[in-house]
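2 protein chains.
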Amino acid sequence: MTTHSATLAIDERVQARRAAGHDVLHLGFGEAGLPVPPGLADVLAAAHRRNGYGPVAGSAEAREAAAGWFVRRGLPTGPEQILFAPGSKPLLFALLAAIGGAVVLPCPSWVSYAAQAALLGRRVVPVPVPAEAGGIPDPGLLERALRRASAEGAGPGVLILTVPDNPTGTVAPAEQVEAVCAIAEHHGLAVVSDEIYAELTHGGSAPSPVRQLAERTVVTTGLSKSLALGGWRIGFARTPAGPWGRRLHRELTGIASEIWSSLAAPMQAVAAHALNDPPEITARIAASRRLHARVATAVHGRLLAAGAHCRPPRAGFYLYPDFTPAREALRTRSIATGTDLATALLDRYDIATLPGSAFGEPDTALTLRIATSLLYGTTPEQRHAALAADAPETLPWIASALTRLGGALGGLITGGHPG
Amino acid sequence: MTTHSATLAIDERVQARRAAGHDVLHLGFGEAGLPVPPGLADVLAAAHRRNGYGPVAGSAEAREAAAGWFVRRGLPTGPEQILFAPGSKPLLFALLAAIGGAVVLPCPSWVSYAAQAALLGRRVVPVPVPAEAGGIPDPGLLERALRRASAEGAGPGVLILTVPDNPTGTVAPAEQVEAVCAIAEHHGLAVVSDEIYAELTHGGSAPSPVRQLAERTVVTTGLSKSLALGGWRIGFARTPAGPWGRRLHRELTGIASEIWSSLAAPMQAVAAHALNDPPEITARIAASRRLHARVATAVHGRLLAAGAHCRPPRAGFYLYPDFTPAREALRTRSIATGTDLATALLDRYDIATLPGSAFGEPDTALTLRIATSLLYGTTPEQRHAALAADAPETLPWIASALTRLGGALGGLITGGHPG
Chain A
5 MTTHSATLAI DERVQARRAA GHDVLHLGFG EAGLPVPPGL ADVLAAAHRR NGYGPVAGSA
65 EAREAAAGWF VRRGLPTGPE QILFAPGSKP LLFALLAAIG GAVVLPCPSW VSYAAQAALL
125 GRRVVPVPVP AEAGGIPDPG LLERALRRAS AEGAGPGVLI LTVPDNPTGT VAPAEQVEAV
185 CAIAEHHGLA VVSDEIYAEL THGGSAPSPV RQLAERTVVT TGLSKSLALG GWRIGFARTP
245 AGPWGRRLHR ELTGIASEIW SSLAAPMQAV AAHALNDPPE ITARIAASRR LHARVATAVH
305 GRLLAAGAHC RPPRAGFYLY PDFTPAREAL RTRSIATGTD LATALLDRYD IATLPGSAFG
365 EPDTALTLRI ATSLLYGTTP EQRHAALAAD APETLPWIAS ALTRLGGALG GLITGGHPG
Chain B
5 MTTHSATLAI DERVQARRAA GHDVLHLGFG EAGLPVPPGL ADVLAAAHRR NGYGPVAGSA
65 EAREAAAGWF VRRGLPTGPE QILFAPGSKP LLFALLAAIG GAVVLPCPSW VSYAAQAALL
125 GRRVVPVPVP AEAGGIPDPG LLERALRRAS AEGAGPGVLI LTVPDNPTGT VAPAEQVEAV
185 CAIAEHHGLA VVSDEIYAEL THGGSAPSPV RQLAERTVVT TGLSKSLALG GWRIGFARTP
245 AGPWGRRLHR ELTGIASEIW SSLAAPMQAV AAHALNDPPE ITARIAASRR LHARVATAVH
305 GRLLAAGAHC RPPRAGFYLY PDFTPAREAL RTRSIATGTD LATALLDRYD IATLPGSAFG
365 EPDTALTLRI ATSLLYGTTP EQRHAALAAD APETLPWIAS ALTRLGGALG GLITGGHPG
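Protein sequence lines, in the order shown, are assigned to chains A and B.
Numbering of the first sequence is given in the numbering used here, commencing with residue 5 and proceeding in unit increments.
Numbering of the second sequence is given in the numbering used here, commencing with residue 5 and proceeding in unit increments.
Here it is, written out as structure tokens:
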């Protein structure tokens, strides 16, 4: 049986709890939590005459815009290297289907990689992430895991990296990305680099594997996170130049033609507009990047204050605290696993998070994935105010959520009463 | 290697040929070829604030509208039985993934069923269609094929029916649908009923398998054909009531959550509006149904005049002529297969069609799938005029295309010169 994506499942559970009258603090879902960027509503409305299927890979206009977007980020790219899809999820699925072999994953990693591999009957080889930052396997452990998997006949075919990372909200250091790419090259792996958070790196840019392993790295991305357009379902991939990349693009387009046909044409028009980097879009991304960094940093402070270990946030809107330091205190409250911890937070405090087990960790890990982006408010006015604020963490609705989270964690760990 | 969907591939080939200056008569692609129905542009524009992912199966509003749509068509349905997706293709793929077992298909049948089964590593059991109408296996041959497949250990799990049918443009007779459903029930098969052309049945309604095998039949459909919205990618499925149907809906939603998340929220708003059957939508469907019937019937006349066998069109905008009666004449022009025939039409006359082999037939069959919907015109004005005309086949651009097709077929078969 396939299980429902853990991230989407917690969102539906929260909506049901809210419908039943609960005041839920929703830290469980990686939705960017911001209004549609300026200009895009008009582009969508103007695209209504586009009702034909069009080319599977995307319109010439959309593919040229995406290629230019990569070029302006320092990566020579032609429109023939681009493939659009209704989100980056279908692209990741098609990539696993096209490339074949066992799927090597950092652990923890985003919920759907392993689930997609399971749907395709592929074995997963999980490799723990380094101490500094997630999204890539620890280079030393990777080499060992690949040798063992090959010896067992598991035939690793593809390594998925997440740079910047969800669930940890970190950016892997360039030298570690280089080391991982060198190992992948040595073992003949293809690399899928999920870069959907690249525009949301809090300071500077993230080191893409495509710069290390140009001919064997596919980049997937989309507008769901940087432009808060999860519900518009716009994703795209960049396949490498060179013969392997050209064959892969053909194969992916074939799979796309049989599973989803094309990205909705009006959404391609939106992508063509936004990927030309008009100034109001660039400004919106910059503002949301600042907001994500400020609020994630504030939540990070509450987690440390409650006694958790937690890597400092460097991109996106995620934190991945580890409550091992509080293991004994939690055990006295019958909390022995990450799932126990997430359940206690939801049942006793109406705070929604996800346990590390949703991201491939053993449930004995006392880890949680905390998404901070749904703290920005529930109304468009609150969200615009959060975008505009110099210190968004001091806005009343955000500050009170921070206090509530701190109180709940304190209550669970020290036995204080729910605040 | 996956091959590119034949129908989408011919469309891209035609666009390339046109870009190179050719005047191509495009009979190769099942796009409805009509303008966006009235009212929907405003609905799309008004939905621009919906940028959240929302529930995987679709918003409550969209699922209620879809359930009501089925109820008004005589099929009691609750919103919990509905699942939306970016087109019906992903739903068909998820159904094959969820149900398991070998995939039993009518032959010929739509190009993507067998391709999806191949992507999932599933065996296909093709069974020829009856003489009268396609979309279902011949009942007598089905029983035999299932016994043989089971004896060979192929474990048939799901039977896909297309009612009304693409590629034949016909509607299976009710008694044959009943016979096929009885056999499916006896063998414990699930039935997937692809009803994307149901609203375009030229006279009356099509007999849905769901009325025979209620607890084991899943209906897939969408707005691509009846509302000419292929490029908006709106599909939905109705799972059966009862425990099997409930389990299947959960399983499908799980797969959806890992492969595509949800249908784009603005497109769900469009679906919610259109599926409430507002009068201007009902009128547009009625007008397009008349247009499809008139033009398909006119093309049918040309095919018979050229000496082909061809079932009369009863739904949608397809014809499936068989040029066996002209086999000897065609052989003198080095045309021995359906592919030869389609290639000659494209290379010598710039007329695009697809050979029967794209639909699972052996290439020795001299069959073509002809889509008539791209004859309505290339401008919105021509298409509106076609919708409004009492005798659209007499409009100059349609009449001349008919003449051109007749001349090309005559030329190929009798050796006359291209007209």
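The beta carbon of each residue, even a glycine, is placed where N, CA and C say it ideally should be.
Remember, predicted model here, so these are calculated numbers, not experimental data.
Cα-Cα separation between residue i and residue j, rounded to whole angstroms
| i | j | result |
| --- | --- | --- |
| A/S63 | A/C111 | 37 Å |
| B/G320 | B/A24 | 31 Å |
| B/V184 | B/L217 | 10 Å |
| A/L399 | A/A393 | 8 Å |
| A/A10 | B/Y322 | 43 Å |
| A/F240 | B/G34 | 26 Å |
| A/G144 | A/D198 | 22 Å |
| B/P422 | B/A20 | Caution is warranted here: a pLDDT of 45 is assigned to B/P422, below 50, making its placement in the model unreliable, and no coordinate value can be reported. |
| B/G58 | B/G234 | 23 Å |
| A/F363 | B/P211 | 46 Å |
| B/G125 | B/G105 | 10 Å |
| A/G342 | A/V115 | 15 Å |
| A/A340 | B/R237 | 46 Å |
| B/A135 | A/R215 | 59 Å |
| A/L31 | B/R152 | 54 Å |
| A/V223 | A/G82 | 14 Å |
Buried or exposed (CB count within 10 angstroms, at least 16 for buried), residue i
| i | result |
| --- | --- |
| B/R335 | exposed |
| A/P42 | exposed |
| A/E255 | buried |
| A/H8 | buried |
| B/G419 | exposed |
| A/S338 | exposed |
| A/L307 | buried |
| B/T225 | buried |
| B/H190 | exposed |
| A/G208 | exposed |
| B/A71 | buried |
| A/P213 | buried |
| B/H206 | buried |
6 Å Cβ shell around residue i - same chain, five flanking residues per side excluded
| i | result |
| --- | --- |
| A/L350 | A356 |
| B/A51 | P270 and A273 |
| B/G249 | T243 |
| A/W73 | L279 |
| B/A178 | P211 |
| B/A176 | A137, G139, I140 and V167 |
Three-state secondary structure (DSSP) of residue i
| i | result |
| --- | --- |
| B/P110 | strand |
| A/D354 | coil |
| B/Y322 | strand |
| A/R242 | strand |
| B/D169 | coil |
| B/G311 | coil |
| A/T368 | coil |
| B/D394 | coil |
| B/F33 | coil |
| A/L163 | strand |
| B/R22 | helix |
| A/R126 | coil |
| A/P422 | A caution first: A/P422 carries a pLDDT of 45, below 50, which makes its placement in the model unreliable, though a value can still be read off. DSSP places A/P422 in coil when its eight states are reduced to three. |
Residues of its chain near residue i, where Cβ-Cβ distance is below 7 Å and the 5 sequence neighbours each way are ignored
| i | result |
| --- | --- |
| A/A121 | L100, V107 and V128 |
| A/V47 | A273, V274 and H277 |
| A/W264 | A89, P90 and P94 |
| A/P316 | H304 |
| A/I417 | A310, G311, A330, A333 and L334 |
| A/A2 | Outside the displayed span of chain A (5 to 423) sits residue 2 of chain A, for which this structure offers no information. |
| B/L146 | V131, V184 and I187 |
Partner residues on chain C for residue i, Cβ-Cβ distance less than 8 Å
| i | result |
| --- | --- |
| A/W264 | Absent from the structure: chain C. Protein chains present are A and B. |
(message) Along the region 220-234 of chain B, where does the CB come closer than 7 Å to a CB of chain A? Name the residues.
(response) A232, L233 and G234
(request) Mind checking the region 45-68 of chain A against chain B and listing, in chain order, the residues whose C-beta falls within less than 7 Å of any C-beta there? (result) A45, L48, A49, H52, R53, R54, N55, G56, Y57, G58, P59 and V60
(message) Short of 8 Å Cβ to Cβ, which residues in the region 76-99 of chain B face chain A?
(response) P90, G91, K93, P94 and F97
(request) For the region 269-298 of chain A, enumerate the residues whose C-beta is nearer than 8 Å to any C-beta of chain B, in chain order. (result) A269, P270 and M271
(request) Quick one: which residues of the region 109-140 of chain A get their C-beta closer than 9 Å to a C-beta of chain B? List them in chain order. (result) V115, S116, A119, Q120, A122, L123, L124 and G125
(message) Please list, in chain order, the residues of the region 28-42 of chain B that have any C-beta partner in chain A closer than 7 Å.
(response) E35 and V40
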